[in-house]
Amino acid sequence: MGLRLLTALRDDGTIDPALDPALSREDLLFLFRKMLLLRALDEKAVLLQRAGRIGFYVPSSGQEAAEIGSGYALREGDWVFPSYRDHGVALLRGYPLETLVGQLFGNASDAMRGRQMPNHWCDRAARVVSVSSPVATQLPQAVGAGYAAKLCGDRIAVIAYFGDGGSSTGDFHAGMNFAGVYQTPTVFFCSNNQYAISLPVSLQTASGSIAEKAAAYGFEGIRVDGNDPLAVYRVTRDALARAREGGGPTLIEAVTYRMGPHSSSDDPTRYRSGEEIAEWTKKDPITRFTEHLRKAGIVGGGEAETLAEEAREEVLRAVKACEGVSPVPPESMVEDVYAEMPWHLVEQRKLLSPDEG
Amino acid sequence: MGLRLLTALRDDGTIDPALDPALSREDLLFLFRKMLLLRALDEKAVLLQRAGRIGFYVPSSGQEAAEIGSGYALREGDWVFPSYRDHGVALLRGYPLETLVGQLFGNASDAMRGRQMPNHWCDRAARVVSVSSPVATQLPQAVGAGYAAKLCGDRIAVIAYFGDGGSSTGDFHAGMNFAGVYQTPTVFFCSNNQYAISLPVSLQTASGSIAEKAAAYGFEGIRVDGNDPLAVYRVTRDALARAREGGGPTLIEAVTYRMGPHSSSDDPTRYRSGEEIAEWTKKDPITRFTEHLRKAGIVGGGEAETLAEEAREEVLRAVKACEGVSPVPPESMVEDVYAEMPWHLVEQRKLLSPDEG
Amino acid sequence: MATMTLVQAIRDALSVEMERNPRVVLLGEDIGRNGGVFRVTEGLWERFGPERVLDTPLAEVGIVGTAIGMALYGLRPVAEIQFADFIYPAFDQIVSELAKFRYRSAGQFPAPVVIRAPSGGGIKGGLYHSQSPEAYFVHTAGLTVVMPSTPADGKGLLVSAMRSPDPVIFLEPKALYRTAKGEVPEGEYDVPLGKARTVREGTDVSIITYGAMVPVGEGAAAEAEKEGVSVEITDLRTLWPLDVEAVDRSVQKTGRAVVLHEAPRTCGLGAEVATLVQERSFLHLKAPVARVTGFDTPFPYSLERKYMPGVRRTLDAVRTAVNF
Amino acid sequence: MATMTLVQAIRDALSVEMERNPRVVLLGEDIGRNGGVFRVTEGLWERFGPERVLDTPLAEVGIVGTAIGMALYGLRPVAEIQFADFIYPAFDQIVSELAKFRYRSAGQFPAPVVIRAPSGGGIKGGLYHSQSPEAYFVHTAGLTVVMPSTPADGKGLLVSAMRSPDPVIFLEPKALYRTAKGEVPEGEYDVPLGKARTVREGTDVSIITYGAMVPVGEGAAAEAEKEGVSVEITDLRTLWPLDVEAVDRSVQKTGRAVVLHEAPRTCGLGAEVATLVQERSFLHLKAPVARVTGFDTPFPYSLERKYMPGVRRTLDAVRTAVNF
Ligand SMILES: Cc1ncc(C[n+]2csc(CCOP(=O)(O)OP(=O)(O)O)c2C)c(N)n1
Ligand SMILES: Cc1ncc(C[n+]2csc(CCOP(=O)(O)OP(=O)(O)O)c2C)c(N)n1
Ligand SMILES: [Mg+2]
Ligand SMILES: [Mg+2]
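From first to last, the protein sequence lines stand for chains A, B, C and D.
The number in my numbering is simply the position in the first sequence, starting from 1, with 9 added.
The number in my numbering is simply the position in the second sequence, starting from 1, with 9 added.
The number in my numbering is simply the position in the third sequence, starting from 1, with 11 added.
The number in my numbering is simply the position in the fourth sequence, starting from 1, with 11 added.
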């Protein structure tokens with residue numbers, strides 16, 4: 010048994026009324042702009058990395074609909090526990106693009122003081138929690154934050170992002186189980202992009218889908234077309250609303266595809282075929298959404314290209330603002346380990362110098 | 010949705026032909042004797058612990074049908090990964106009672122040299138793997154052993170025992186997932202005795218049953234009356250056979266009840282009612298099986314009591330043989346850490362003396 | 012003042028702080044209706060309700076992960092790990108997440124979680140109910156590691172831990188849970204983190220220890236006194252960041268140091284203390300810093316009393332130092 | 012003899028041993044079709060098939076737990092943890108199970124698993140692709156911990172690990188994966204566990220180090236030589252149980268010791284070595300044993316080169332020891 014895949018955008022560009030979130034023209038254009046911005050950021054960052062101007066990058070091309078569609082469903086007070094591939098969501102949290110780009114450079118323009126690799130950002134004001142590399146550790150944390158919100162009487166929801174590979178971890182199992190037992194306002198959003206680095210999801214688990222794993226924890230799992238921003242928005246909006254109203258957790262599996270490499274260190278030609286990529290490229294969420302907006306008469310003529318160009322320029326401006334900013338000071342290395350610096354770090358600080366170790 | 014509970018022994022003591030394993034008179038009596046022996050061991054060990062003659066004990070009263078019924082389904086070559094509560098299975102592996110009882114005393118009569126707490130035994134010859142206290146760690150190990158058997162072309166099955174609480178661990182999740190992906194010859198046998206120490210299974214997970222969690226890993230889960238030795242035997246036998254023939258893993262949830270405390274350190278009156286215990290006592294697997302054997306004319310008159318008395322005497326003989334045997338030698342403490350004793354343990358051995366540290 | 016056991020003192024700390032601060036919540040296995048397997052949380056579930064005293068499913072990774080999320084949101088969670096031996100399934104959440112949240116977020120997301128765990132031997136718990144894992148956490152940057160040895164410190168240090176801006180691993184010497192009795196100030200009371208306690212003054216040898224080994228050190232000091240050897244005992248209380256001034260002061264006075272703990276020897280806290288002493292007080296040392304510790308073996312069931320350091324081994328080390 | 016990088020030498024060890032012993036199997040994330048993220052296992056999946064080179068789901072607890080079961084049954088599994096930083100989800104299986112199986116079963120169930128993991132900094136991997144976790148495993152009784160610094164040792168030590176009756180944590184200094192090149196004997200070749208290697212002889216100061224810090228020590232030794240200071244370098248190779256005779260011999264010759272590693276300082280292996288030295292060679296010491304180590308902070312991304320010990324800090328420590 011597999012769950013039905015929910016899709017709103019039909020192949021012909023029209024929309025299934027049953028799943029139509031009925032967004033305004035402005036909303037649709039906003040979504041579209043953010044998807045283009047995310048794609049533009051990706052394309053520029055990949056070049057920056059190749060040129061050695063940033064050290065590393067995790068692209069999300071192909072997953073824009075899942076990122077932007079779900080992120081757009083969030084409300085002001087909601088909390089976000091992202092993975093390293095979910096900077097798209099940050100773009101919807103009033104998170105200035107410079108903050109993202111500065112983190113890629115890890116210099117003084119990085120609010121995280123160059124502590125982490127690119128793509129591991131956070132922003133307290135936006136309630137976007139610090140990303141870590143260990144896969145899926147954010148899931149039980151998101152349950153705890155949701156529990157805390159409930160205890161404090163805050164009617165908010167918490168969304169936690171992870172991948173198909175993350176569903177195999179003990180953190181996923183514990184997070185899902187605790188959420189079911191405590192009925193926390195948690196939405197588990199799995200971007201099933203078909204791969205965990207080189208491992209296809211068919212070798213990740215023998216279950217028919219990620220979504221159906223929710224049954225093992227006593228709550229609902231939903232399988233949605235992850236390349237369809239409107240379907241993703243619709244199911245995420247409903248799940249978040251249910252969570253805020255005390256309806257408990259939901260697992261959403263967004264079925265999508267990682268069009269690029271796992272990261273700038275990965276060579277996907279080693280484990281997947283050109284045909285497969287070609288197949289999925291036909292379903293490129295940006296192409297599909299453009300189609301729909303054209304059909305709906307919301308963008309006409311060369312408008313889509315104009316918007317894409319605007320997005321590229323916005324990214325370029327951010328890069329200009331952040332690149333070449335001064336490096337982080339050596340002493341910052343021993344700060345923020347504790348609230349107050351203990352004696353041993355005060356002593357170790359003396360060992361730092363402008364030169365190498 | 011919950012899975013149907015499979016039962017063979019009807020309340021009136023007759024048997025449902027659909028699930029009748031059609032065991033011979035001898036087999037039935039053998040099963041009965043082993044259940045009585047397990048109960049007798051429990052009763053004696055609890056007294057020994059109260060009297061301070063052994064340090065600790067984990068009873069299994071109430072779970073004899075699940076233990077003996079499943080253990081009897083094993084074949085010579087099969088491997089067993091038990092938990093601390095599954096010594097019943099050991100009784101069916103040609104494991105001499107003295108070996109079990111000696112381990113309770115932790116003296117020179119203990120093949121494990123007094124290394125572990127009572128109930129943490131093992132026997133290589135019987136392919137009963139070393140028990141550890143950390144819950145459910147044996148599950149991925151059982152999958153690895155099954156994988157190895159398959160790779161070596163050995164047509165055997167591996168059974169792993171755990172409890173309802175164990176189903177919440179990351180080890181359960183990983184073990185089940187790996188078993189599904191690699192289609193290992195593993196039978197996951199969960200004795201759902203309704204409690205993890207004080208936590209009722211209703212607070213352990215929000216899922217309708219433990220058995221249905223198997224769907225999340227792409228294989229079958231079975232829910233069986235754990236106080237019915239014949240139903241347990243039947244479903245375990247079939248699952249083991251399927252595993253040996255390359256049919257892959259199965260999860261069996263035996264629904265039973267821990268009639269005694271979690272361990273000799275536990276006071277169950279703190280977390281469960283006398284009514285509840287009374288309800289389950291009516292379903293005492295030994296009473297139920299006795300009923301059936303009477304109805305079937307296999308034991309008559311005072312025969313059941315005679316057999317119970319024989320079991321108690323067998324336990325007494327084992328206790329006599331093991332108690333008061335010399336203590337383990339101090340030097341044994343630094344042995345078996347590595348295959349050969351490294352320099353630092355040779356030096357530390359010199360610190361040992363007949364007195365205290 | 013009231014006379015309390017260590018268990019009572021720790022319970023008192025929890026209830027006083029839960030009264031004072033509604034954001035304090037407890038979570039762990041069997042801590043609610045059952046009051047904890049050592050009864051530390053007895054009565055708190057009834058008093059503060061299941062929303063603030065959570066019985067959790069059996070998953071340490073879930074307990075610590077959930078506690079971290081609670082702390083990020085603004086609660087002050089106190090997680091109980093039923094036995095320190097069972098903390099390892101949560102090791103990734105502790106080492107990769109809890110210890111690093113403040114650093115990797117440049118201070119935006121501190122995670123002030125307290126993790127309580129009964130630690131050490133003395134109850135015939137064998138391999139998995141006896142371990143002393145403090146060195147794993149002392150080696151992990153970002154954590155504060157605490158172990159009390161008296162009821163008063165048990166209360167005062169735990170209150171400070173619950174108010175600390177940083178995550179604290181609070182290890183409770185279960186051997187002393189009911190054997191350690193003493194006067195404990197009622198109501199508001201705290202003992203600062205990072206400060207050692209001088210258990211007794213002495214001039215010939217410094218014993219540096221903590222937790223259940225403090226009484227062992229006292230026993231050895233009493234024996235040594237009969238032999239005319241004056242032993243000073245320092246109870247570290249906070250294992251890391253430790254009170255290095257107290258250690259320096261004592262060792263530079265006596266010129267001889269014995270580090271005493273029940274955890275395994277190799278790469279244990281004793282190695283760190285010995286190294287700090289020889290780094291900082293080299294010219295004061297009249298003898299090598301000695302280690303009296305548990306053995307580099309798993310913790311044995313039947314031979315527990317031989318595994319754990321006792322007066323015999325401690326006294327031998329003191330004598331060796333004096334006669335070096 | 013053939014010239015190989017460390018990556019090639021480790022791959023050679025795996026394929027030679029897999030040829031020789033059909034019971035050797037490999038398992039880990041992305042080690043099959045993808046050949047591993049560092050390409051260590053490249054070609055082995057094609058050559059030995061997916062039954063012996065397993066691509067696993069994303070669960071370290073499953074990787075190590077499964078490997079243990081394989082070993083109990085009689086296979087010789089070699090598990091790869093993609094980065095040492097991701098070994099913690101398997102920490103319970105390693106510490107509670109792998110390390111204790113032989114002991115708790117009184118020898119009935121040994122679990123000879125080899126766990127390979129790329130370790131240490133040097134690739135701008137930040138907090139989670141740079142860690143050196145060896146101290147956690149050195150502190151855990153029952154484990155053998157190994158770290159090579161040359162291609163020849165990479166092959167020879169890994170072969171010995173795959174033949175060891177005990178579990179081995181085999182840490183691979185990823186900074187040297189492609190930068191370390193050298194002659195490696197072809198075919199059957201092993202280097203015994205538990206034996207250190209003297210990298211260079213010297214008379215004034217002993218540097219005790221391992222892994223990626225060996226070349227750093229050599230750089231400092233070359234600089235010191237210009238200042239007329241003769242440095243001896245010992246590469247431990249097996250971190251535990253370490254070659255204590257080699258350490259004693261070197262330190263008792265020079266009277267001065269500097270322990271050099273990139274792992275965090277507190278309770279690191281440097282503390283154990285320094286403690287052993289002062290316990291065993293107290294009267295030979297002309298200066299305190301010095302530690303040159305990583306900082307007690309998470310591993311930083313942008314400041315990596317300042318975090319990792321370099322020639323500067325090592326040379327300072329050598330000078331301080333000589334001028335003490
Ligand atoms: C605990 C852990 N193990 C291994 C890794 C190495 N690793 C980084 S990403 C990744 C694959 C993750 O796949 P998935 O969860 O599907 O997310 P995606 O990268 O596809 O978005 C792996 C194995 C890690 N980061 N954390
Ligand atoms: C990892 C771990 N956490 C906690 C414990 C403490 N503990 C011992 S048994 C137990 C409950 C186990 O319940 P269940 O799995 O249902 O098995 P049962 O005892 O009921 O047979 C707990 C929490 C443990 N042994 N291991
Ligand atoms: Mg993926
Ligand atoms: Mg149970």
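Idealized CB from N, CA, C, for every residue including glycine.
Predicted, not measured: the structure shown is a model, and the values here were computed from it.
Nearest C-alpha to B/E300 among B/V355, B/D237, B/D275: B/D237. In this structure, the CA atom of C/L280 is about 14 angstroms from the CA atom of C/Q289. Residues P162, G165, K166, V195 of the same chain have their beta carbon placed closer than 6 angstroms to that of D/A20, with the five preceding and five following residues left out of the count. Between the C-alpha atoms of D/P203 and B/V98 there is a straight-line separation of about 42 angstroms. Between the region 60–69 of chain B and the region 126–134 of chain B, the count of Cβ pairs shorter than 8 angstroms is three or higher; the stretches touch. Where B/S200 is concerned, the enclosing beta strand (DSSP E) starts and stops at 195–201. Taking a cut-off of 8 angstroms on C-beta distances, the region 186–200 of chain A touches the region 149–158 of chain A, as three or more cross pairs fall below it.
Nearest to D/Y139 by C-alpha distance, out of D/R291, D/F112, D/I92, D/E199, is D/I92. Of the other Cβ atoms in all chains shown, 16 or more fall within 10 Å of the Cβ of D/N45; this residue is therefore buried. Ligand 4 has no heavy atom closer than 7 angstroms to the beta-carbon of C/N32. Sorting C/G43, C/M15, C/M81 by C-alpha distance to the C-alpha of C/V35 places C/M81 at the top. Under the DSSP definition of a beta bridge, A/I206 lacks any partner. Contact with chain B is found for A/Y226, since one of that chain's Cβ atoms lies less than 8 angstroms from the residue's Cβ. Excluding five sequence positions before and after C/G73, none of the CB atoms of its chain fall closer than 6 angstroms to its own CB. Residues of chain B whose Cβ lies closer than 8 angstroms to the Cβ of D/I98 do not exist, since the nearest Cβ in that chain is about 14 angstroms away. Per DSSP, reduced to three states, the secondary structure at A/V334 is coil, with no helix or strand assignment. Contacts with chain C at 8 angstroms (Cβ-Cβ) do not include A/W289. When beta bridges are read from the DSSP output, C/P129 appears opposite C/E183. Taking every residue with its beta carbon within less than 6 angstroms of a heavy atom belonging to ligand 4 gives, in chain order, B/G172, B/D173, B/G174, B/N202, B/Y204, B/A205. Restricting attention to D/H150, D/Y147, D/K297, D/T286, the CA atom closest to the CA of D/T214 is found in D/K297.
Identification of chain A residues near D/M319 by a Cβ-Cβ cut-off of 9 angstroms yields E365, G366, ordered along the chain. Contact note: C/D177 reaches chain A through Y347, A348, using a C-beta cutoff of 7 angstroms and chain order. Chain-ordered, the chain D residues with CB closer than 9 angstroms to the CB of A/T214 read P68.
Within the region 258–289 of chain C, those residues whose Cβ lies closer than 9 angstroms to any Cβ of chain B are, in chain order, E273, R276, T277. Residue range 294–304 is occupied by the alpha helix (DSSP H) that includes B/P294. In the DSSP annotation of this structure, the continuous segment of the alpha helix (DSSP H) that includes C/T325 starts and ends at 322–333.
Here A/I168 carries a strand assignment [DSSP, helix/strand/coil]. In the DSSP assignment, C/V284 falls within the unbroken alpha helix (DSSP H) covering 280–291.
Under the Cβ criterion of 8 angstroms, B/D180 is counted among the residues facing chain D.
With fewer than 16 other Cβ atoms inside 10 Å of its own Cβ, A/L56 counts as exposed.
Distances from the CB of D/R44 to the heavy atoms of ligand 1 are all 7 angstroms or more. At a beta-carbon threshold of 7 angstroms, the residues of chain B lying near D/T77 are P149, V152, G153, Y156, F187, ordered along the chain. Here A/W88 carries a strand assignment [DSSP, helix/strand/coil].
Judged by their CB atoms, D/R302 and D/A285 are nearer to each other than the 8 angstroms cut-off.
Distance from the Cα of A/A120 is smallest, within the candidate group A/P336, A/K359, A/R358, A/L354, for A/P336.
Pairing A/L302 with A/L37 gives a Cβ-Cβ distance under 8 angstroms.
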